[in-house]
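Accompanying notes for the structure given below.
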Amino acid sequence: MWKSFFSGLVMVFVMILFVQCNDDPEPVEESFFNYGVFIVNEGNFTDSDGSLSYYDFDSARVGNNVFETINNRPLAAIFQSMAFYEQNGYIIDSNGRIEIVSKKDMTSVGTISSGLALPRYFAGHTNYGYITDWGPYDASWANPDSKIHILDLDNMQIKESLNAPSRPEDIMIYNDLIYIAHSATNLITVYSPDNQEVIDSINVNNGPVQFVLDKNEDLWVISTGAYISGGALQKVDLANAEVVQNVDLSGISPNGRLAINRAGDILFFMGEIWSLDYTYTNNKVYKATINLPGQYTEIISEPNLYGLGIDPKRDEVYVADAVAFQGNGKVYTFDFSGKKINEYSVGRGPRDFVFMNK
Amino acid sequence: MLFRRLVILFFIFLVSPSFAEDPFIKDGPTHQGGPRLKEGLTARKGLTFGSDKRSADDLSLWDELHVEDDAALEDDISIEDDLVSDTIRMKGLTIHGEYFERFSPGSSINNADSIDKFAFQSYNLNDIISFKNPIYFKSYGNGMLSSISFRGTGASHTAVLWNGINVNQPTIGQSDFSLFPVLAFNNIRIIYGASSSKFGTDAIGGGILLESTADWNKTLSGSIGQYLGSFNNFLTVLNVKGKAGEKVYLNSKFYRRKNKNDFEYTNITKAGQPVEKQQNASIFQYGILQDVYINTSSRSQLAVKGWFNFSNREVQPTMVNEDADETQKDKSLRLIVDYGINSGIGYFELKGSYLWDYMLYNNASEIITRQYIGQLNYENSINDWEFRFGSNFNHIVAEVDNYDDQTAENRTDIYGGLVNNSLNRWQFSLNIRQTFVKGYDAPLSPSAGIRYSIINNSRSLLFLKGQAAINYRVPTLNDRYWVPGGRIDLKPEKSRNLDASLSYEYKSRIKFEAELSTYYYNVDNWILWIPGPTYWIPENVRKVEAYGFDISSSVEVPIGSYLSQLSVNYGYSRSIVRESINEDDIGLNNQLPYTPVHIGGLEYRGLIKNWYGSLSMNYTGLRYVTADNESDLPSYYLLNFRAGKNIKIKRQLLSIDFRINNLLNTSYQNMKFRAMPGRNYMIGINFLFDK
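Chains as they are written, first to last, in my numbering: chain A, 3 to 360; chain B, -3 to 687.
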């Protein structure tokens, strides 16, 4: 009780500070990185050579090793994801580290390296950051000690770490609630940022990885399935916290990547089939409307694809080709019919995109 | 502490059998040479000295310490005279462990010289090999896993033989050179170029021959040494050897290392590049070697060689992951029983070996292999033809958590060799080997070698040598049996190799040696683990083509009682992926990762009276980290200094040596994000006794 009283007190102080800050707003400096796309290059697992690339829409040029160039040191990460919240960017390194950079110029403003095991994704809300963390592997390569960390953005300290169902992945904040997919389970949990505990959980197909909100504010979840069950695309009614539509994707083996267009009515997801000699994957990108999700159509087919994104401004499909992590990867862009528009080289193991549209 | 060691020493004296006079000294030592020695010197020896005409006071005690040919100095104490081969030292019996050199006139061979062996006594095999040879070692940190890349090949493309038995771990087909302390071996020979026809599997880049030998001239001698190094590095070494009666020779060695290894380094991956102390990199290692040689008759010898090595290491994490606390325990027991008899119808050698390797990673996953090896060799000569044939049988049992139950594999090799010395200037050799393993057909591995002496007089030797061979590497146990992924149907790798070299040696007051060797090879069915659906899978993926050259040279100039030695080595190697079953293989037409194109070294060594000093530089060229050659690690060079002094106390010797590694405090990475120490020091005190 004292604890919650105390945190309530802290909250009050923080709010006072916040209000005071708002009274005296700083002039907004325009970021150099305000009209382009960041490419999250995971790097190779054993080399920790993840890096950040940036493609500038105006100049149509790509810059690699952005973090290293600006901060004069290698990112040296197993780069999982990046998210921006308020004036900062959060670079999530699966090596148990978060690099915090200024959104304005990508200069380093801090590092969090304790208390994290295998962090995956970040989302910010009020004065806190929420980080999904698989937790360490046990002897049988499972992750029984997964966590949700609550990061106090004032002092950049982890305030609390909550136990979580295994392998929490994608995280989303919607209507002041935190939604988290747990990919080693069949659960999406719902956290309340107020009391910072689970208030609900939604049963979905096995292996939920990513989700998006459509224009009707329904949640679409892609899951990879478990050993015997296949993957699925499911629609979740958030008001009732239940699955209302199920599209079986066992025929296409979804790899967990999901994106939605600008209008919020066309979904894109990726299937993955291994070649017979296991030297590469054949990937296909499918699109489906939210009204007829079962009638998905293939628009792209390329080997070794690893990441998928939609530029929400221009409605272009971005795919990342990790070339099986043997070296630097590539980014391809397509229109919605699957016609290739652009192609360029990025860092090793590209896996995700963060669009910066002014 | 010291007291305890003295007690141990005393105990060893006590239990040693009585050491009688050596009858062979009176006869003069039998000459060790086979036909090879008629030709003069093998090329690509390291710097050899102390072996010839210089008078004893020329170099005073260093000569005695580093004698290579005991014939000249039979009265002196020659404590480290371990280059004497393990020839069965009996009249009429000239067959010995150097068959390789005799049957490979076309090969280039480098023997680690005895001064270096002594100077590197407190280091590991990778340190001494890379010091004088253009051979790259990929090291996962300071004192951590160290794998070889010889002439642009991969870590499992070098055969490592201990007294003629391949000791590469059968699970991964390679050796961790950081687990081989230099002091464990009397001879360290580096064989350049492919040698599968002689050594069997793995010998595509070359071979490392490690040998223990007996010196029948000694009654009792030995040494005790203590080393102290930076970062709390302590090493104790002990060696007692000598004859017990006329027919038995014993050699016992013991070593124990404790290294906290908490060196400081600049963490280039962190904001502000802070200087940090390396965590979780400590090393504890000890080992015992025991050799027993028994002259069972005037024509036969029984040798039993045993080596137990224990190592418990924290696994040095990368700069990125400095909180990781993984550990690795390695234990190996290697036993060899070797019986040789020179009968009227030729020389027979019967060898039995038991190899036990145990590895425990993170106290979680055990990897145990046991190998039962039997070998029968026959050798004879008729006129100027020498021939040899034999067979090797290896029964491997593996207990690996990731294999199905108990996995066993039998490997049988049959081989033969022929060498002709009839022509004055020419030597020819033919060798052939076939391996049989259930599940695949290993390629027949023949080799043809030739050596032509262009100049051969009392001062100069100029050789032209060449060799053509087909070589192979069988899939490792992991490649075949690992669950998930292992594939029983993998094909062995097959390589075609061509070597040619020119070696020159000049011996007078000034000595000069130089060798230039070039090579070409291509490896088919190169096995690579590639990412599969949920796990990695080995596959015969690539065809790799490589070529390059090695240069080594040394010159030795005495000025009065001062001896100057300068040596240089350089290697250029290109190894390039030419074909791949995956047409999108981004390694295509690129240099293999972690194989430097340029590598080399330079040493100046000066000796006067009982002092020596050495300044050396080792250069490691740029290494690509990825197959597409887009990411690399910069080249670096390291400067090292060492000096030593011998103090003679009656017939005993006190030897003190001191070294500074990385003199310029260079911050470098051998592998990406693996910290290496800056300037560091080591001091060693050895007491060498001789009865």
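Note that beta-carbon positions come from the ideal geometry of N, C-alpha and C, so glycine has one too.
{"Item": "Using a C-beta to C-beta distance shorter than 7 angstroms, which residues of chain A count as neighbours of ALA623/B?", "Value": "GLN328, GLY329"}
{"Item": "Can you name the residues that DSSP bridges to TYR615/B?", "Value": "GLY596/B, TYR633/B"}
{"Item": "Am I right that ARG384/B and ASN373/B are in contact with their C-beta atoms under 8 angstroms? What's the rounded C-beta distance?", "Value": "6 angstroms"}
{"Item": "Can you confirm whether ASP362/A, when its beta carbon is compared against all beta carbons of chain B, has any partner nearer than 8 angstroms?", "Value": "Because chain A spans 3 through 360 in this model, residue 362/A falls outside it and cannot be assessed."}
{"Item": "I'd like to know whether the C-beta of ALA141/A is nearer than 8 angstroms to at least one C-beta of chain D.", "Value": "Considering every chain present, this structure includes no chain D. Its protein chains are A and B."}
{"Item": "Identify the continuous alpha helix (DSSP H) that holds VAL68/A and give its terminal residues.", "Value": "68 to 73"}
{"Item": "Helix, strand or coil for PHE96/B, going by three-state DSSP, please let me know.", "Value": "helix"}
{"Item": "Based on Cα-Cα distance, which residue from GLU501/B, ILE363/B, PHE127/B, TYR516/B lies nearest to GLU395/B?", "Value": "ILE363/B"}
{"Item": "With ILE582/B as the anchor, note down where its alpha helix (DSSP H) starts and where it stops.", "Value": "No alpha helix (DSSP H) holds ILE582/B; DSSP gives it neither H nor E."}
{"Item": "Have a look at LEU221/A and ALA241/A and give me their C-alpha separation to the nearest angstrom.", "Value": "10 angstroms"}
{"Item": "For chain A, check one thing: does any of its Cβ atoms lie closer than 8 angstroms to the Cβ of PHE669/B?", "Value": "yes"}
{"Item": "Select from ASN585/B, GLY225/B, SER226/B, ILE125/B the residue whose C-alpha is nearest the C-alpha of THR154/B.", "Value": "ILE125/B"}
{"Item": "I need the DSSP call for ASN344/A, collapsed to helix, strand or coil.", "Value": "strand"}
{"Item": "Taking the alpha-carbon of SER192/B as reference, which of ILE220/B, LEU157/B, ALA542/B has the nearest alpha-carbon?", "Value": "LEU157/B"}
{"Item": "Considering only residues of the same chain and omitting the five flanking positions on each side of ILE93/A, which have a CB-CB separation below 6 angstroms?", "Value": "MET84, GLU101"}
{"Item": "Would you say GLU626/B reaches chain A, if we count a Cβ-Cβ gap shorter than 8 angstroms as a contact?", "Value": "yes"}
{"Item": "Going along the chain, which residues of its own chain have a beta-carbon closer than 7 angstroms to the beta-carbon of ASP60/A, five neighbours each way excluded?", "Value": "TYR37"}
{"Item": "Who are the near neighbours of LYS360/A in its chain, counting only those whose CB is closer than 7 angstroms to its CB and skipping five residues on each side?", "Value": "ASN36, TYR37"}
{"Item": "Show which residues of chain B have a CB atom less than 9 angstroms away from the CB atom of SER339/A.", "Value": "Here the premise fails: no neighbours, minimum Cβ distance about 25 angstroms."}
{"Item": "Contact criterion: CB-CB distance below 8 angstroms. Does THR113/A meet it with respect to chain B?", "Value": "yes"}
{"Item": "What's the C-alpha gap between TYR288/A and PHE271/A?", "Value": "5 angstroms"}
{"Item": "Can you tell me where the alpha helix (DSSP H) with LYS194/B in it begins and where it stops?", "Value": "192 to 195"}
{"Item": "Decide if TYR139/A is buried, meaning its Cβ has at least 16 other Cβ atoms within 10 Å, or exposed.", "Value": "exposed"}
{"Item": "When you compare the CB of MET315/B with every CB in chain A, is at least one pair closer than 8 angstroms?", "Value": "yes"}
{"Item": "ILE343/A CB to nearest chain B CB: under 8 angstroms?", "Value": "no"}
{"Item": "Between TYR261/B and LYS105/A, what straight-line distance do the alpha-carbon atoms span, to the nearest angstrom?", "Value": "31 angstroms"}
{"Item": "Given this structure, state the Cα-to-Cα distance separating SER74/B from ASN235/B, to the nearest angstrom.", "Value": "In this prediction, SER74/B has a pLDDT of 33, which is less than 50 and means its spatial position is unreliable; what the coordinates show is noted afterwards. Using only the alpha carbons, I get a separation of about 14 angstroms."}
{"Item": "Can you tell which of ILE80/A, GLU70/A, ILE41/A, ARG169/A has its C-alpha closest to the C-alpha of VAL64/A?", "Value": "ILE41/A"}
{"Item": "Distance, Cα to Cα, SER168/A vs PHE304/B?", "Value": "44 angstroms"}
{"Item": "Anything in the stretch 554 to 587 of chain B with a Cβ closer than 9 angstroms to a Cβ of chain A? List those residues in chain order, please.", "Value": "SER576, ILE577, ASN578, ASP580, ASP581, ILE582, GLY583, ASN586"}
{"Item": "DSSP three-state label for ARG85/B, please.", "Value": "Here ARG85/B scores only 33 on pLDDT, less than 50, and its place in the model is too uncertain to base an answer on."}
{"Item": "Output yes or no for whether 8 angstroms exceeds the beta carbon distance between GLN125/A and ASP135/A.", "Value": "First, the residue type needs correcting, since residue 125/A is Ala and not Gln in the sequence shown. In this structure, ASP135/A does not lie closer than 8 angstroms to ALA125/A by Cβ."}
{"Item": "Could you name the residues of the same chain whose beta carbon sits closer than 6 angstroms to that of TRP532/B, not counting the 5 residues immediately before and after it, in chain order?", "Value": "GLY481, TRP525"}
{"Item": "Given a threshold of 16 other Cβ atoms within 10 Å of its Cβ, counted over all protein chains shown, does ALA326/A qualify as buried or as exposed?", "Value": "buried"}
{"Item": "Helix, strand or coil for ASN359/A, going by three-state DSSP, please let me know.", "Value": "strand"}
{"Item": "Going along the chain, which unbroken runs of the beta strand (DSSP E) with 3 or more residues stay wholly within the stretch 400 to 472 of chain B?", "Value": "403 to 416, 422 to 433, 441 to 452, 456 to 469"}
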